[in-house]
Amino acid sequence: MQREYPKEKLLDVYRHMVQTRIFERECETLNKNKEILGSIHGSMGEEATSVGLAAVLRKDDLLAPSYRDPGALFMKGLTTLDLVGMLFAKECGKTKGRTRVLHVGDFSKNIYPPNPILGASQVIANGAALSFKMDKTDRVVLNIIGDGASNEGAVHEAMNFAAAKELPIVFAVENNRYAWSTPFEKNFKIHSFVERAIGYGMPGFICDGYDVIDVMDTVSDAIDHARLGKGPALVECRTYRWSGHSGNDKNVYRPQSEILRFRQNDPIKRLGDYMTAANICMEQELQDIWDSVEKEVQDAIEFSKAAPYPDPDEFFRMDTMMAVN
Amino acid sequence: MSVLTYAEALRASMREELKRDENVYLIGEDIGAYGGCYGVTAGLVDEFGEERVMDTPISELAIVGAAVGSAMQGKRPVVEIMYADFLTVASDQIINQACKMRYILGKEVKVPLVVRTSYGGGGRYSFNHSQSPEALFLNAPGLTIMMPSTPADAKGMMTAAIRSDNPVLLFEQKYLYKTLKGEVPEGEYIVPIGKGDIKRKGEDVTVVATGWMVHRALEAAGNLEKEGISIEVVDPRTLKPLDEELILNSVAKTGRLITMHEASLTGGFGAEVCAIVTEKAFDCLKKPVKRLAAPDLIIPFSPNLEDLYYPGVKDLENAVHKMMQ
């Protein structure tokens, strides 16, 4: 269903897409220059999907993102410094050097951590939905799954469980066409995740993951369904990642022309062009957003570089760090 | 005091906790109308309803995952995993998820989760319905592991587990469910996590036994007493965090240590106890430590083989004789 979004909302969405893009661009550079530890899992190209999904959540709704969702994390309230600090494994990062970005969560902001153990996030997200239902609230859980992760057994258990228990949860599949290097066609005999939704007895929606407004409209329909107590729903967002799976992925398993084609369909430019064409805002307002986000990210990088590593004494004092009785 | 079976004592605790705290709920396969595979939850659904005594699809990952996700929201789920052998199916949720959430999200987020499960032999079910996989979980930081041996302990430890703010794995010995009766305190009764118990005082040999093996150790101790050998039977009750002091004090007195459990030998709980004692009380030892355990073989079906498989009363008596030479 098409919905109306005020200018402020669209600019906010645009800003978070830009924040995600610049963050990912810097991740790539820092990784290439070996200035950061671990690896990165880029989401460039997927900003409309990741940001759009989280953009329609209420503050008290719960987000359980995939590990490739800085857009959703930023949209739900994490700051640039929260994530940039984590790239450097510094005390100033959200988890104070305890984890990589693919484990970041924030309970006070209703964000459950993403999970590099694929499928784990789905069954845990169900639990939040179960408790929302037990407490007779109208809160909803949005859980994001990659197309690759969707083939985990846990995801099957989770979707059937959610349907059987009529849980208020929306499973959003970010179908970016590649499970690491393996193309969709090699991993699936279905054409759309809507087919799976039908198999579990829940409605399935599909949207253009490069059109943030279509993402917002469609996931809103799914969330309405869940919020009204009608049980879970599934949304497939057709998207595409420009980068490899991770920082170590040489990204040579697909034609460069394919990447180029999607780059020409840049979801951020698409939203900006629409807003200026529809006289929602001036070109300068968009440029100001780019400039201010650029500064914010660069400041976070400089701050993180200078910031201290976590205190070993605090870490190894088990009672402060571990769940012990 | 009232005389209850081991299973009735577990149920008494769950019933009291369901009445005391509306956040407590039970979840598992066939625990409602059927009352659980071993009848441990019999009748509770009639008293508390299907939402608090919740039947589920056969989906161990989804069950434990939902419990983890709801525990983080303030619920206090008590999961039944029908057989401990099935824990491996859900072990990602127990080891990688439940134990890590407070680490990721901070101490203020609690994971008051109990996973209770039937373990061990005596049922004539062969492997995959008879194993004792507690040692698989000993190496998971953040997990509490409990193994009651008497009806009173079963009740008091279950209550402690439900009131813990951290994940607890509670192993219930399936042979003891209906065969073992004992006096159980009425009303609120708590056996604190991490507190072991001297089940029989003695002077010559310390036997650290768990679950069903406590009873075999007591029987052997009775026989050996007639020969003038005095056995101290130590039941750690909580395997982790372990009541080391209780064990070390006992060994300081006797100078001899035998461990005894149903699980197989290599890497078992007994190995951990022996390591602790040799590390911290080596000077007290008059003889080398001894581990009694099942062999590193698959649990057989034939009753004559199963009876030989687990360490028996005679095995312990022989080990004691050898140690006393």
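Residue numbers (my numbering), protein chains in the order written: chain L, 124 to 448; chain P, 12 to 336.
Every residue, glycine too, gets a C-beta built ideally from N, C-alpha and C.
No experiment lies behind these values; they were computed from the predicted model shown.
Judged by DSSP in its simplified three-state form, residue 194 of chain L adopts helix. Annotated as proximal: residue 297 of chain L and residue 269 of chain L, with beta-carbon spacing under 8 Å.
Residue 62 of chain P belongs to the set of residues whose beta carbon lies under 8 Å from a beta carbon in chain L. Residue 250 of chain P carries a strand assignment under DSSP once its states are collapsed to helix, strand and coil.
When only Cα atoms are considered, residue 339 of chain L and residue 359 of chain L end up about 12 Å apart. Taking one beta carbon from each stretch, the region 253-273 of chain P and the region 207-224 of chain P have 3 or more pairs nearer than 8 Å; the two touch.
Per DSSP, the beta-bridge partners of residue 87 of chain P are P:35. For the region 368-431 of chain L, the continuous alpha helix (DSSP H) assignments of 4+ residues that do not extend past its boundaries occur at 379-386, 390-400, 406-429, in sequence order.
Linking residue 325 of chain L to residue 133 of chain L through their CA atoms gives a straight-line distance of about 30 Å. Boundaries of the beta strand (DSSP E) around residue 155 of chain P: 155-157. Residue 267 of chain L sits in a strand when the DSSP states are folded into three classes. In the DSSP assignment, residue 259 of chain P falls outside any beta strand (DSSP E) and lies within the alpha helix (DSSP H) extending over 255-265. Taking the Cα positions, residue 323 of chain P is about 55 Å away from residue 309 of chain L.
Shortest Cα-Cα distance from residue 190 of chain L to any of L:184, L:440, L:379, L:165 involves L:165.
Contact check for residue 59 of chain P and residue 310 of chain P: beta-carbon distance about 36 Å, past the 8 Å limit, so the pair fails to qualify. If you draw a straight line from the Cα of residue 236 of chain P to the Cα of residue 227 of chain P, it comes to about 14 Å.
In the DSSP annotation of this structure, the continuous segment of the alpha helix (DSSP H) that includes residue 335 of chain P starts and ends at 324-335. Contact of residue 280 of chain L with chain P by beta-carbon distance below 7 Å involves 70, 72, 73.
Using a 10 angstroms sphere on the CB of residue 284 of chain L, the tally of other CB atoms reaches 16 or more, which defines it as buried. One finds nothing in chain L with a Cβ atom closer than 8 Å to the Cβ of residue 94 of chain P; even the nearest lies about 18 Å away. Going by beta carbons, residue 140 of chain P and residue 188 of chain P fall outside the 8 Å limit.
The residue among L:207, L:293, L:217 with its C-alpha nearest the C-alpha of residue 347 of chain L is L:293. The criterion of a C-beta distance shorter than 8 Å is not satisfied by residue 152 of chain P and residue 96 of chain P. Where residue 65 of chain P is concerned, the enclosing beta strand (DSSP E) starts and stops at 64-66. Listed as beta-bridge partners of residue 15 of chain P by DSSP are P:193. Neighbourhood of residue 150 of chain P in chain L, by CB distance below 9 Å: empty, with the nearest CB roughly 14 Å away.
DSSP places residue 293 of chain P outside any alpha helix (DSSP H), giving it a letter other than H or E. Here the C-alpha atom of residue 239 of chain P lies approximately 10 Å from the C-alpha atom of residue 233 of chain P. At a beta-carbon threshold of 7 Å, the residues of chain P lying near residue 240 of chain L are 103, 107, ordered along the chain. Between the alpha carbons of residue 231 of chain P and residue 209 of chain P lies a gap of roughly 15 Å.
Across the set P:269, P:146, P:175, P:196, the C-alpha of P:146 shows the shortest separation from the C-alpha of residue 182 of chain P. Where residue 356 of chain L is concerned, the enclosing beta strand (DSSP E) starts and stops at 356-361. Per the Cβ contact rule, the region 142-159 of chain L is in contact with the region 197-208 of chain L (3 or more Cβ pairs under 8 Å).
Relative to residue 311 of chain L, the option among L:275, L:439, L:286 whose CA is nearest is L:275. Any Cβ of chain L closer than 8 Å to the Cβ of residue 24 of chain P would place that residue at the interface, and such an atom is absent.
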